[in-house]
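Peer 1: So the sequences go chain by chain: A and B.
For the first sequence, position 62 (counting from the first letter as 1) is numbered 89 according to my numbering, and the numbering increases by one without interruption.
For the second sequence, position 30 (counting from the first letter as 1) is numbered 107 according to my numbering, and the numbering increases by one without interruption.
Quick reminder that beta carbons are idealized off the backbone N, C-alpha and C, glycines included.
Mind looking over this structure? Questions follow.
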Amino acid sequence: MARIIVVTSGKGGVGKTTTSAAVAMGLAKKGHKTAVIDFDVGLRNLDLLIGCERRVVYDFVNVINGEASLNQALIRDKRCNQLYILPASQTRDKDALTKEGVGKIIGELSKEFKYIICDSPAGIEKGANLAMYYADDAFVVTNPEVSSVRDSDRMLGILASKSRRAEHNMEPIREYLLLSRYSPDRVKLGEMLSVEDVQEILSLHLLGVIPESKSVLNASNSGVPVILDEKSNAGQAYADLVARYLGEDRPLRFVDLEKKGILGKLFRSRA
Amino acid sequence: MSLLDYFRSTKQSSASVAKERLQILVAHERAVRNQPSYLPALQKELLKVIQKYVQVDDDAISINFEQDDQQETLELNIILPEEQAKNH
């Protein structure tokens with residue numbers, strides 16, 4: 028049986044798709060057969076961040092409507108053969124998704140895949156509701172910023188009441204906090220909520236902290252999931268997070284200001 | 078504000094302001110979320126009944142639902158207008 032993970036947030040622009048691409052690639056690179064589904068019907072972007080936008084022929088809605096088979100629509104990643112992408116439809120609207128249709132596809136994928144990542148659209152409408160409905164685990168992507176924290180809390184309420192697990196009185200969805208766009212220097216100055224602040228407000232299990240990093244934009248510019256940029260702090264933070272999700276013990280990195288003396292600076296500039 | 082005040086003022090950091098605001102807001106929203114779903118309808122109907130007898134504003138009634146491990150409390154507050162209350 029597959030484990031179904033929803034990447035969600037409520038608020039837009041916090042890094043859901045970046046996270047979906049990175050986590051899916053990370054799990055696949057660890058040898059787990061992983062499918063990642065774009066639920067943002069009408070505004071697909073996961074294909075762009077993964078770099079397979081020119082290989083999209085059929086999409087999620089085509090498969091739901093029986094216009095294409097799942098195997099025809101799934102795109103196998105060229106860098107990692109354990110990773111498959113199911114793109115969203117760009118021409119339909121969100122009503123093209125149905126609970127039954129999504130359930131059927133997730134059921135089919137579950138037979139073959141170890142992990143299924145559902146990249147949720149922003150908001151709390153149909154697409155977002157269906158992305159989280161079948162989930163076993165939820166990665167709640169949050170920025171250390173008031174509107175994002177509030178929306179995440181709202182999302183937690185929906186996860187707890189409107190999912191399949193909630194409706195069938197099953198064990199609840201496991202919720203994980205993923206704090207992204209974190210700037211230790213601004214936290215130090217008292218200008219940004221700290222990891223501890225956000226954790227205290229949301230009381231969620233912290234899976235990882237992704238620092239604000241230029242490498243994220245560079246990665247999406249070139250269609251390479253940032254986790255493949257192994258030199259970047261964001262790439263390493265995502266790798267840590269995936270390892271933690273798989274049960275490895277990895278200390279948090281990139282949450283404190285680096286203490287650099289003159290020697291350290293010299294050494295670093297040479298490195 | 079004098080220059081001295083400017084240096085003396087221990088301004089709260091914006092992050093701690095954000096945290097306080099969020100703590101209050103989130104606590105409130107969670108409380109509302111856990112309320113029984115019939116509360117808004119109950120409030121509306123009660124208001125209608127009361128307005129049959131007393132001239133009160135639409136916001137003169139407030140319903141508060143609290144829950145702890147032991148019990149659930151439904152608190153109903155109606156503010157009657159002063160003069161009318163005397164007449165009755």
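Cβ of residue 153 of chain B within 8 Å of Cβ of residue 142 of chain B?
Peer 2: For the purposes of this step, residue 153 of chain B is taken as residue 76 along the second sequence, with counting starting at 1. For the purposes of this step, residue 142 of chain B is taken as residue 65 along the second sequence, with counting starting at 1. No, these two residues do not count as a Cβ contact at 8 Å.
Peer 1: Helix or strand or just coil, what does DSSP make of residue 155 of chain B?
Peer 2: Walking along the second sequence from the start, residue 155 of chain B turns up at place 78. Strand at residue 155 of chain B.
Peer 1: May I ask you to list, following chain order, the residues of the segment 99-125 of chain B that have a beta carbon less than 8 Å from some beta carbon of chain A?
Peer 2: 99, 100, 102, 103, 106, 107 and 110
Peer 1: Within the 8 Å Cβ cut-off, does residue 184 of chain A reach chain B?
Peer 2: Taking the first residue of the first sequence as 1, we reach residue 184 of chain A at position 157. Yes - at least one Cβ of chain B is within 8 Å of the one on residue 184 of chain A.
Peer 1: DSSP has residue 235 of chain A in a bridge; who is on the other side?
Peer 2: On the first sequence, position 208 is the one that residue 235 of chain A refers to. DSSP output for residue 235 of chain A lists A:205 as bridge partner(s).
Peer 1: Kindly indicate which residue of B:88, B:105 and B:146 has the alpha-carbon position closest to the one of residue 228 of chain A.
Peer 2: Numbered from its first residue, the first sequence carries residue 228 of chain A at position 201. Among B:88, B:105 and B:146, the Cα nearest to that of residue 228 of chain A is on B:105.
Peer 1: Is any heavy atom in the ligand SAM found nearer than 7 Å to the beta carbon of residue 252 of chain A?
Peer 2: Summarising the ligand content, the structure contains no ligands, and the ligand SAM is consequently not present.
Peer 1: Would you kindly work out how many angstroms separate the C-alpha atoms of residue 88 of chain A and residue 222 of chain A, rounded to a whole number?
Peer 2: As a working note, residue 88 of chain A is residue 61 in the first sequence. As a working note, residue 222 of chain A is residue 195 in the first sequence. So the alpha carbons of these two residues sit roughly 38 Å apart.
Peer 1: Within a Cβ cutoff of 6 Å, which residues of the same chain sit near residue 69 of chain A, ignoring the five residues on either side of it in sequence?
Peer 2: The residue labelled residue 69 of chain A in the question sits at position 42 within the first sequence. Closer than 6 Å at the Cβ level, and outside the excluded window around residue 69 of chain A, lie 120.
Peer 1: Could you pull the start and end residues of the beta strand (DSSP E) that residue 151 of chain A belongs to?
Peer 2: Locating residue 151 of chain A in the first sequence gives position 124, counting from the first residue. Unbroken run through residue 151 of chain A: none, as it is neither H nor E.
Peer 1: Should residue 272 of chain A be labelled buried (16 or more other beta-carbon atoms within 10 Å of its own) or exposed?
Peer 2: Translated into positions along the first sequence, residue 272 of chain A becomes position 245. So residue 272 of chain A counts as buried.
Peer 1: Between residue 95 of chain B and chain A, is any beta-carbon pair separated by less than 8 Å?
Peer 2: Within the second sequence, the letter at position 18 stands for residue 95 of chain B. Interface residue, yes.
Peer 1: By the criterion of Cβ-Cβ separation under 9 Å, what are the contact partners of residue 233 of chain A in chain B?
Peer 2: Sequence index remark: in the first sequence, residue 233 of chain A carries index 206 (1-based). Correct list: empty, because the minimum Cβ distance to chain B is about 16 Å.
Peer 1: Do the segment 277-284 of chain A and the segment 95-114 of chain A meet, that is, are 3 or more Cβ pairs less than 8 Å apart?
Peer 2: no
Peer 1: Does residue 156 of chain A pass the burial test, meaning 16 or more other C-beta atoms within 10 Å, or should it be called exposed?
Peer 2: Your numbering for residue 156 of chain A matches position 129 in the first sequence. Flag for residue 156 of chain A reads buried.
Peer 1: I need the straight-line Cα distance from residue 98 of chain A to residue 123 of chain B, nearest angstrom please.
Peer 2: Position 71 of the first sequence, counted from the first residue, corresponds to residue 98 of chain A. Position 46 of the second sequence, counted from the first residue, corresponds to residue 123 of chain B. Straight through space, the alpha carbons of residue 123 of chain B and residue 98 of chain A are spaced by roughly 58 Å.
Peer 1: Please tell me whether residue 220 of chain A has its Cβ less than 8 Å away from any Cβ of chain B.
Peer 2: As a working mapping, residue 220 of chain A is identified with position 193 in the first sequence. Yes, its Cβ sits closer than 8 Å to a Cβ of chain B.
Peer 1: Given this structure, state the Cα-to-Cα distance separating residue 194 of chain A from residue 159 of chain A, to the nearest angstrom.
Peer 2: Counting from 1 along the first sequence, the entry for residue 194 of chain A is found at position 167. Counting from 1 along the first sequence, the entry for residue 159 of chain A is found at position 132. Computed Cα separation, rounded: 13 Å.
Peer 1: For the segment 165-180 of chain A, list every residue whose C-beta sits within 7 Å of some C-beta in chain B, in sequence order.
Peer 2: 173, 176, 177 and 180
Peer 1: Any beta carbon from chain B within less than 8 Å of residue 267 of chain A's own beta carbon?
Peer 2: Translated into the one-based positions of the first sequence, residue 267 of chain A becomes position 240. Residue 267 of chain A does not count as touching chain B.
Peer 1: Taking the beta carbon of residue 202 of chain A as the centre, do at least 16 other beta carbons fall within 10 Å, making it buried, or is it exposed?
Peer 2: For this step, residue 202 of chain A is matched to residue 175 along the first sequence. Buried.
Peer 1: Taking 8 Å as the threshold, find out whether the segment 180-189 of chain A comes into contact with the segment 205-212 of chain A through three or more Cβ pairs.
Peer 2: no
Peer 1: When the Cα of residue 168 of chain A is compared with those of A:28, A:29, A:34 and A:30, which residue comes out closest?
Peer 2: Taking the first residue of the first sequence as position 1, residue 168 of chain A is located at position 141. The candidate whose alpha carbon is nearest that of residue 168 of chain A is A:34.
Peer 1: Between which two residues does the beta strand (DSSP E) carrying residue 142 of chain B extend?
Peer 2: Position 65 of the second sequence holds residue 142 of chain B. Run containing residue 142 of chain B: 138-144, per the beta strand (DSSP E) assignment.
Peer 1: Using the Cα positions of residue 269 of chain A and residue 123 of chain A, report the straight-line distance between them to the nearest angstrom.
Peer 2: Locating residue 269 of chain A in the first sequence gives position 242, where the first residue counts as 1. Locating residue 123 of chain A in the first sequence gives position 96, where the first residue counts as 1. Taking the straight line from one Cα to the other gives about 32 Å.
Peer 1: Output needed for residue 175 of chain A: all residues of its chain with C-beta closer than 6 Å, excluding positions within five of it in sequence on either side, in chain order.
Peer 2: Here residue 175 of chain A corresponds to residue number 148 of the first sequence, with the count starting at 1. Answer for residue 175 of chain A: 38, 41 and 169, listed in chain order.
Peer 1: Taking C-beta pairs closer than 9 Å, name the residues in chain A that residue 66 of chain B reaches, listed in chain order.
Peer 2: Beyond the ends of chain B as shown, which are 78 and 165, falls residue 66 of chain B; an answer cannot be given.
Peer 1: Tell me the DSSP secondary structure of residue 148 of chain B in three-state form.
Peer 2: Here the question's residue 148 of chain B lines up with position 71 in the second sequence. Coil, per DSSP.
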